[in-house]
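Chemist:
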Amino acid sequence: MTVPPTLRRLNLDGLQISICCVLTNKDSIDHLTDGINDHIDTITKVNFPTTNHLLDFLNASRKYIFTETWGYRVNGSWNGMTGFLIREEVEIGGSPMFFTSERISVVDYIASPTPTRSKFVFQQPKLSYENNLFLLSFRTSVWYSSVALIILLLLAIMLVGMWEWKKNKYNGEWENDNSGLLRPNLLDVMILIFGAVCQQGSPTELKGSLGRVVMLLLFIALMFLYTSYSANIVALLQSSSSKIRSLEDLLHSRLKFGVHDTVFNKYYFSTATEPVRKAIYEKKVAPPGTTPRFITMEEGVLKMRKGLFAFHMETGVGYKFVGKYFKEGEKCGLQEIQYLQVIDPWLAVRKNTPYKEMFKIGLKRIQEHGLQSRENRLLYEKRPKCSGRESNFVSVSMVDCYPALLILSYGCLLSLLLLFLELLVQRRRTVYRKLSCIKQIKLMNVLMNLDNPKTIHFVPKKWATMETMLPEHVMVVTDLNCPEIGDFLKVASSMKKFALPYRWLIIGKPINKSSAVSTDIESLNLLTDSNVVIAQLNGDDSFVLKMVYKMRINNSEWITEEFGIWTRLDGLKKNKLAETSISTRRKNFNGEPIKTAMVILDNKTRSDPYDLTDIFADTVTKSSFRSTDPIYGYLNATKSLIFSETWGYYKNGSYGGMIAELTVGEAELAGSKTFLHNDQGTVLIATQDRMEVVDYLSCPMPISIKFVFKEPPLSYQNNLFLLPFKTSVWYCMGAFVLILMLILYINALWEQRKLQKSESIATEPIRKAIYQNKIAPEGRKPRFMSIEEGVKKLQNEPFAFNMHKGIGYRLVERYFHEHEKCGLQEIAYLDDTKTYITCRKQSPYKEIFKIGLFRIKEHGLSDREDRLIYTRKPTCHSRGGSFGSVNMVDFHPVVVMYLYGILLSFLLLSIERLVYRRINMHRA
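For the sequence shown, full-length UniProt numbering begins at 1 and goes up steadily by one.
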């Protein structure tokens, strides 16, 4: 009896527990578990399975009561779910509600199953919406320093100009010959300074040496200021404002507001008493004289995407619409601000309920086993990650250049004022130009709809062997009362004319109730893919239409489907069953075996294909088997496996391996993915050999096989010492290094041509050269190795390894350090490596297999199995933290230049010694 009573009494033995749930939409009661409109009443839908799990855990029956609100105090009493709990009409609230000081005295809170908050979410506005970009480029101290520098230069130019004019004032001819000389006039100097600030020249300048030095300093200083200012403007245009960080900032911003139309939002916004929150409601959400801005979730998210709009929503639900409508670059600027002064919602029970501790234990168990987390992930979305900021293009709007336009407008007004004064002085009249309008002509297009003609052909007895028409457009009508019709049908059956896409209408004999089908068609191969309608006479003026088929050729049991009835007066009345496709309604195999061919090399895999202990053995087959295994349940068929050691290749006029199992008819389905290829062995989408013997159904997971290598340093592909400057800059560095420059330039060109990548698409000779020169050079052992050995070489040396990425990257995660994962590059050697699950040629179950495999793919079963086995390319998390040591390759050009210099010095030394000896010989 050491176990606590609560744990001993968890079995309620079917006792009925009443639960109250909040549904604000009447349609939600029909969609609590099917995922339809999951953005409506999400908090209830995500916790509905939780309460069911809880009562199952306690072995209790349940009674649900639904209400429209969580419950608020109105005129001294509580309504909604809180009212049901207070009146003890229910034991537990199935919809979590906010933890408030008013409710804590009347109900007990036991658990917070769903972490969700309601917040204002908005896109960060451009910086220009909150600041003047043309003043923000420099700090205040920089502006003061720039103005002081300009004033200092203005004074210097004035003094130098006065000195130059004073020096030459007695020479009258000098003044006339130098009209471009800057006069020591304040207005002229100010215009010169203003032009220099705007990077404009001037027709007047100082001519003396001192004046030219001052002018040079003026233009250089202002050029750097102008360049820095322009660069800052460009950077600030791409920036977003970070000023909106609180509710007060949000209140005084230029953003428009909207609130999700829910019961609790209306209550908490309208009853807010805190000054800022109250002002937000009265000024932004519900201004006097306007309709309160409570809108739907979808409408609010769409307005938020356009910008300058703050939308108050439940973030877990709202981010689903953000992921649906927002582009990747638009998700980067999302900002959140909390409005409601509440914590995450909690499940509540009535006060002093005897089941409180039992509910707590049950909910803790549910959370520990991950059931609640699963429901939360299904219906709630986390804040989207920013993954495309660099690709987001920010266009310049009128707001960005508003200050510049304002200055331009003031300048225009000032110029107009000056023009008006000039016109008054000179008494001239303004001339107005007349504008002409250009009329637009609209064009109309006339569309004509043409009906395709339909033709009836009478065919001979040997039609099945000589038919040339497209089968999609053929419907064969036969009459069993015609002579020699039996031979005609047998030939058509042997030529597989009863399979899709042919359609048949067989007018049979009167209804024979003793057998399902007539003896005339007993021997025909009408399988599941046949579209054959048999019309049997029923009286004088009506026919009964049926469709018959059997599951296998050697299966004598016929299956009949009612197609409809035809009468002379009413025409054809089709059965509802006939309106669905054949492949959809004939999917019940009634336990018939389906033989599946699989390529397995490891005996352990044959005994248990589900075993993932050795994930590197028969990887493709294990993945395909897991993807195709649910199809047996979908078709209600029995699994039968056939094992082969190879996929099958065309040799000596026949196929082997898995393809042989499909071609001889032993197997209907392939359990291992098959490459599409042509006769030359290159992987292509268009096929020539295997497509003639098997049909490709679906591609559950494209297998990507590429060369994977560590991205080499820039020095392996380029000369780092030539990249900083253009060739013309190197030429201008001086004539004294001309010879050395020429040698280095020739060497750089040679390396550039040697290492230059081809811009054209790789062709077959290149792939052949890769194999002959890099993989299997003549006289050497071909470099085929295990995937583990290749990955280790990839880590430790400049090495490109062609591997299955899904398995190779699993080993990369095992052996590589984090910073080593950042430099991985991929180049595809095979153009297309999609693998397909196949079935035997002209299998009657082809369409059924296709639908089943697509259902498996749509429900994510194959994707789950592939993610379980295969690994994607690892993400780079610490590129900046990797340390790359400098090696000989990095400063190879310097070493070459140094060696050339040594050789040149020895050459010059030899020439000097020869010249010296020759001079001495002449002297002697």
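C-beta: ideal position from N, C-alpha, C; glycine also.
Since Thr-621 contacts Ile-600 with CB under 8 Å, what's their CB separation in whole angstroms?
Modeler: Sure, about 6 Å apart at Cβ, within 8 Å.
Chemist: To the nearest angstrom, report how far apart Thr-273 and Tyr-267 are at their CA atoms.
Modeler: Computed Cα separation, rounded: 12 Å.
Chemist: Grab the span of the beta strand (DSSP E) containing Arg-503 for me, first residue to last.
Modeler: That run of the beta strand (DSSP E) goes 503-507.
Chemist: Per DSSP, what kind of secondary structure is Tyr-72 in: helix, strand or coil?
Modeler: Tyr-72 falls in the coil class under three-state DSSP.
Chemist: If you run the structure through DSSP and keep just helix, strand and coil, what is Met-398?
Modeler: In the structure shown, Met-398 sits in coil (DSSP, three-state: anything other than H, G, I, E or B).
Chemist: Tell me the DSSP secondary structure of Lys-385 in three-state form.
Modeler: Reduced to three states, the DSSP call for Lys-385 is coil.
Chemist: Pick out whichever of Ser-523, Arg-552, Leu-572 has its Cα sitting closest to the Cα of Ser-542.
Modeler: The shortest Cα separation from Ser-542 among Ser-523, Arg-552, Leu-572 belongs to Leu-572.
Chemist: For the alpha helix (DSSP H) containing Asn-232, list its first residue and its last residue.
Modeler: Residues 209-237.
Chemist: When you compare only the Cα positions, how much space is there between Glu-820 and Val-812?
Modeler: Their Cα atoms are separated by approximately 9 Å.
Chemist: By Cβ distance, which residues of its chain are closer than 8 Å to Leu-186, with the 5 residues on each side in sequence left out?
Modeler: Met-158.
Chemist: Excluding five sequence neighbours on each side, which residues of the same chain lie with their C-beta closer than 6 Å to the C-beta of Ile-659?
Modeler: Excluding sequence neighbours, Ile-659 sits near Gly-648.
Chemist: Assuming Asn-59 and Gly-14 make a contact with CB atoms under 8 Å, what is their CB distance in whole Å?
Modeler: Confirmed, Cβ separation roughly 7 Å.
Chemist: Taking contact to mean at least 3 C-beta pairs separated by less than 8 Å, is the stretch 91-108 in contact with the stretch 277-284?
Modeler: Too few Cβ pairs lie closer than 8 Å, so no.
Chemist: Taking the straight line between their C-alpha atoms, what separation do you get for Ile-775 and Ile-631?
Modeler: Answer to the nearest angstrom: the Cα atoms are 41 Å apart.
Chemist: Rounded to whole angstroms, what is the Cα-Cα separation between Pro-782 and Leu-914?
Modeler: So the alpha carbons of these two residues sit roughly 56 Å apart.
Chemist: Opposite His-922 in the DSSP bridges: which residues?
Modeler: Beta-bridge pairing links His-922 to no other residue.
Chemist: Considering Cα atoms alone, identify which of Glu-357, Ala-156, Val-160, Gln-124 is closest to Lys-306.
Modeler: Lys-306 has its Cα closest to that of Gln-124, out of Glu-357, Ala-156, Val-160, Gln-124.
Chemist: Please name the residue in Ile-856, Ser-910, Arg-87, Asp-689 whose C-alpha comes closest to that of Lys-841.
Modeler: For the residues Ile-856, Ser-910, Arg-87, Asp-689, the minimum Cα distance to Lys-841 belongs to Asp-689.
Chemist: Given a threshold of 16 other Cβ atoms within 10 Å of its Cβ, counted over all protein chains shown, does Ile-220 qualify as buried or as exposed?
Modeler: Exposed: under 16 other Cβ atoms inside 10 Å.
Chemist: Kindly indicate the opening and closing residues of the alpha helix (DSSP H) around Pro-630.
Modeler: Start and end: 630-635.
Chemist: Where do the ends of the beta strand (DSSP E) carrying Pro-593 lie?
Modeler: Residues 593-599.
Chemist: Please report the distance separating the alpha-carbon of Leu-419 from that of Ser-146.
Modeler: So the two alpha carbons sit approximately 32 Å from each other.
Chemist: Could you give the C-beta distance for Asn-636 and Asn-603, rounded to a whole number, given that I count them as a contact under 8 Å?
Modeler: With a Cβ gap of about 31 Å, Asn-636 and Asn-603 do not count as contacting.
Chemist: Checking 7 Å against the spacing of the C-beta atoms, do Val-259 and Phe-294 come in under that value?
Modeler: Yes, Cβ-Cβ distance for Val-259 and Phe-294 is below 7 Å.
Chemist: With 16 other CB atoms within 10 Å as the buried threshold, where does Lys-549 fall?
Modeler: A quick correction: the sequence has Tyr, not Lys, at residue 549. With 16 or more Cβ atoms within 10 Å of its Cβ, Tyr-549 is classed as buried.
Chemist: Could you give the DSSP three-state label for Arg-814: helix, strand or coil?
Modeler: The answer is helix: DSSP assigns Arg-814 an H, G or I state.
Chemist: In this structure, how does DSSP classify Asn-802 when only helix, strand and coil are distinguished?
Modeler: Of the three classes helix, strand and coil, the one that applies to Asn-802 here is strand, per DSSP.
Chemist: With DSSP run on the structure shown, which of helix, strand or coil describes Phe-854?
Modeler: Three-state DSSP puts Phe-854 in a helix.
Chemist: Note down, in chain order, each residue of its chain lying with its Cβ closer than 6 Å to the Cβ of Glu-912, except the 5 sequence neighbours on either side.
Modeler: Hits under 6 Å: none found.
Chemist: Taking the alpha helix (DSSP H) that Tyr-267 belongs to, which residues open and close that run?
Modeler: Start and end: 263-270.
Chemist: Determine the DSSP secondary structure at Gln-536, reduced to helix, strand or coil.
Modeler: Gln-536: strand per DSSP, three-state reduction.
Chemist: In terms of residue numbering, what span does the alpha helix (DSSP H) encompassing Gly-258 cover?
Modeler: Counting along the chain, Gly-258 falls outside any alpha helix (DSSP H), though it belongs to the beta strand (DSSP E) covering 256-260.
Chemist: When you compare the CB positions of Phe-498 and Ser-530, do they come within less than 7 Å of one another, or not?
Modeler: Yes; because the gap between Cβ atoms is below 7 Å, this pair is in contact.
Chemist: Consult DSSP for Asp-608 and reduce its assignment to one of helix, strand or coil.
Modeler: Note: Asp-608 maps to coil in three-state DSSP.
Chemist: Is Val-301 closer than 7 Å to Phe-257 when the C-beta atoms are compared?
Modeler: No, the Cβ-Cβ distance between Phe-257 and Val-301 is not below 7 Å.
Chemist: Could you tell me how far apart the beta carbons of Glu-826 and Lys-706 are, in whole angstroms, since I believe they sit closer than 8 Å?
Modeler: At roughly 5 Å, the Cβ-Cβ gap stays under 8 Å, so Glu-826 and Lys-706 are in contact.
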